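**Q** A single structure is presented below for examination.
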């Protein structure tokens with residue numbers, strides 16, 4: 072049994088409601104427009120919303136609210152202009168308004184049209200860890216921007232703050248951090264109780280018309296670092312893989328392993344969370360600051376990084392590139408320095424756009440939302456598309472690509 076909300080023309084609503092009830096499903100809401108459905112979606116128990124593909128019944132606000140509420144959207148198109156409206160919104164779960172019931176139910180349950188209601192195999196989500204040496208090279212800024220860009224490309228995303236020294240994702244996005252989400256997830260993982268439902272309960276939602284994403288906030292007080300043991304971090308990351316398409320992890324800077332100076336070999340290690348996250352990641356984005364001091368710090372710390380993880384999983388990104396700090400031809404100088412002293416070729420370069428970054432921090436929004444034409448935003452979007460994301464597939468909407476994991480159980 073699936074709980075369904077409807078936003079359809081009256082005739083189509085009556086026909087579909089009858090079929091839903093006849094086949095054991097429950098209709099929990101009937102709305103006359105997309106805006107009305109968006110307003111009541113959080114108050115319903117709906118797992119799926121079936122709407123007409125016309126603009127009156129399907130708009131960007133509804134998709135944003137459905138993402139936040141964890142509700143799949145299935146659209147019914149009666150004409151080509153309605154299909155175009157769905158395509159413009161990157162919604163791929165579309166069936167003809169005249170389709171037979173079995174085809175509608177197949178899509179509603181997450182199967183391909185005409186393919187029956189067989190279960191769709193779960194996919195293993197990817198983990199991208201963002202790391203950089205001490206000195207504020209922009210780890211959190213890039214982690215937030217990457218999460219936003221991946222979400223804007225249509226993937227489900229969770230941004231996790233694993234920094235045990237100075238977690239700052241929550242204040243950067245204007246989110247409350249009184250109950251740190253990642254620490255709560257770690258405690259549940261330690262008790263073998265971390266489920267998708269729990270992740271969505273403790274996670275916060277950053278809402279954006281370009282692409283919303285989940286946030287697991289970091290610890291507000293550094294003294295709470297023992298809660299983030301290596302074992303718990305590994306368990307939490309594993310749960311996130313089954314929850315979303317991409318988990319972006321904002322890590323700490325220190326890779327120092329203090330086991331040799333500890334008298335208790337079984338005591339938790341403060342840097343264990345960062346090291347565990349880096350080793351669990353499918354890809355590591357290593358951030359350095361594009362100035363003389365930042366380059367020196369990065370090159371020294373990069374040696375420790377490649378001793379901690381496999382080098383073929385590292386993407387080097389030099390942030391805050393500007394001629395005022397390194398001289399004319401800043402990009403060329405940074406590339407030459409990395410190649411000469413670190414053997415690092417083809418780094419991604421992100422120019423320094425202080426005005427755009429200040430606007431983002433002041434408003435608690437992402438670069439993607441407040442300054443879409445910023446040179447820094449454009450560079451990070453290119454980084455996401457070229458270095459992080461797989462080859463794009465045909466249009467799939469944001470929440471839809473994760474629908475195989477969120478598929479409601481029948482019965």
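Numbering (my numbering), first residue to last: 72 to 482. Virtual Cβ for every residue (Gly too), placed ideally from N, Cα, C. A quick note: this is a predicted structure, and the numbers were derived from the prediction, not measured.
Count the other CB atoms within 10 Å of the CB of residue 227; is the residue buried (16 or more) or exposed (fewer)?
**A** Mapped onto the chain shown, residue 227 falls at position 156. Residue 227 should be labelled buried.
**Q** With three or more C-beta pairs closer than 8 Å as the rule, is the region 381-394 touching the region 406-424?
**A** Yes, since at least three Cβ pairs between the region 406-424 and the region 381-394 fall closer than 8 Å, the two stretches touch.
**Q** Among residues of its own chain, excluding the 5 on either side of residue 269, which ones have a beta-carbon nearer than 6 Å to its beta-carbon?
**A** Within the chain shown, residue 269 is the residue found at index 198, counting from 1. If we look at residue 269 and ignore the five residues flanking it on each side, its Cβ neighbours are 259.
**Q** Report the CB separation of residue 230 from residue 286 in whole angstroms; it is logged as a contact under 8 Å.
**A** For the purposes of this step, residue 230 is taken as the residue at position 159 of the chain shown. For the purposes of this step, residue 286 is taken as the residue at position 215 of the chain shown. Right, the Cβ-Cβ distance comes to about 5 Å (below 8 Å), so this counts as a contact.
**Q** Can you list, in chain order, the residues of its chain with a C-beta nearer than 6 Å to that of residue 290? Leave out the 5 residues immediately preceding and following it.
**A** Residue mapping note: residue 290 aligns to position 219 of the chain shown, counting from 1. Result list for residue 290: 238, 251 and 254, in chain order.
**Q** Can you tell which of 94, 351, 256 and 122 has its C-alpha closest to the C-alpha of residue 101?
**A** Locating residue 101 in the chain shown gives position 30, where the first residue counts as 1. It is 122 whose Cα lies nearest to the Cα of residue 101.
**Q** Between 314, 436 and 372, which lies nearest to residue 141 when the distance is taken from Cα to Cα?
**A** Within the chain shown, numbered from 1, the residue matching residue 141 stands at position 70. Out of 314, 436 and 372, 314 has the C-alpha closest to the C-alpha of residue 141.
**Q** Is residue 350 close to chain B? Criterion is C-beta to C-beta, closer than 8 Å.
**A** Protein chain content of the structure displayed is limited to a single chain, and chain B is not contained in it.
**Q** Would you identify the three-state DSSP class for residue 215, choosing helix, strand or coil?
**A** One-based indexing of the chain shown puts residue 215 at position 144. The answer is helix: DSSP assigns residue 215 an H, G or I state.
**Q** Let me know the secondary structure DSSP gives residue 77 once reduced to three states.
**A** The residue given as residue 77 occupies position 6 in the chain shown. It is a strand residue.
**Q** Indicate the three-state DSSP secondary structure (helix, strand or coil) for residue 147 in the structure shown.
**A** Start at 1 with the first residue of the chain shown, and residue 147 comes out as number 76. DSSP places residue 147 in strand when its eight states are reduced to three.
**Q** Would you say the region 263-278 touches the region 319-328, given that touching needs at least three Cβ pairs under 8 Å?
**A** No, the region 263-278 is not in contact with the region 319-328.
**Q** Output the distance between the C-alpha atoms of residue 213 and residue 136, rounded to the nearest integer angstrom.
**A** Reading the chain shown from its first residue, position 142 is the one you call residue 213. Reading the chain shown from its first residue, position 65 is the one you call residue 136. Cα to Cα, the separation comes out at about 26 Å.
**Q** Three-state secondary structure (DSSP) at residue 390?
**A** Residue numbering aside, residue 390 sits at position 319 when the chain shown is read from its first letter. Residue 390 falls in the strand class under three-state DSSP.
**Q** If you count every other CB in all the chains shown that lies within 10 Å of the CB of residue 410, and 16 or more means buried, which is it?
**A** The residue given as residue 410 occupies position 339 in the chain shown. Per the 10 Å Cβ criterion, exposed.
**Q** Starting from the C-beta of residue 113, find all residues in its chain whose C-beta is less than 6 Å away, skip the five residues before and the five after it, and write them out in chain order.
**A** As a working mapping, residue 113 is identified with position 42 in the chain shown. Answer for residue 113: 140, listed in chain order.
**Q** How is residue 441 classed by DSSP in three states: helix, strand or coil?
**A** As a working mapping, residue 441 is identified with position 370 in the chain shown. Residue 441: helix per DSSP, three-state reduction.
**Q** Excluding sequence positions up to five away, which residues of its chain have a Cβ less than 6 Å from the Cβ of residue 299?
**A** As a first step, residue 299 must be located in the chain shown, where it is residue number 228. So the qualifying residues of the chain are 235, 257 and 344.
**Q** Assuming residue 199 and residue 459 form a contact by the criterion Cβ under 8 Å, report the distance between their Cβ atoms to the nearest whole angstrom.
**A** The residue labelled residue 199 in the question sits at position 128 within the chain shown. The residue labelled residue 459 in the question sits at position 388 within the chain shown. That pair is a contact at about 6 Å.
**Q** Starting from residue 202, follow the beta strand (DSSP E) in both directions and report where the run begins and ends.
**A** Translated into positions along the chain shown, residue 202 becomes position 131. Here the beta strand (DSSP E) through residue 202 covers 197-202.
**Q** Is the beta carbon of residue 201 sitting closer than 8 Å to the one on residue 356?
**A** The residue given as residue 201 occupies position 130 in the chain shown. The residue given as residue 356 occupies position 285 in the chain shown. In contact: residue 201 and residue 356 (Cβ atoms closer than 8 Å).
**Q** Compute the distance between the beta-carbons of residue 241 and residue 437, then report whether it is under 8 Å.
**A** Translated into the one-based positions of the chain shown, residue 241 becomes position 170. Translated into the one-based positions of the chain shown, residue 437 becomes position 366. No. Outside cutoff.
**Q** Would you say residue 18 and residue 310 are within 8 Å of each other, going by their C-beta atoms?
**A** For residue 18 there is no data in the structure shown, the boundaries of the chain being 72 and 482.
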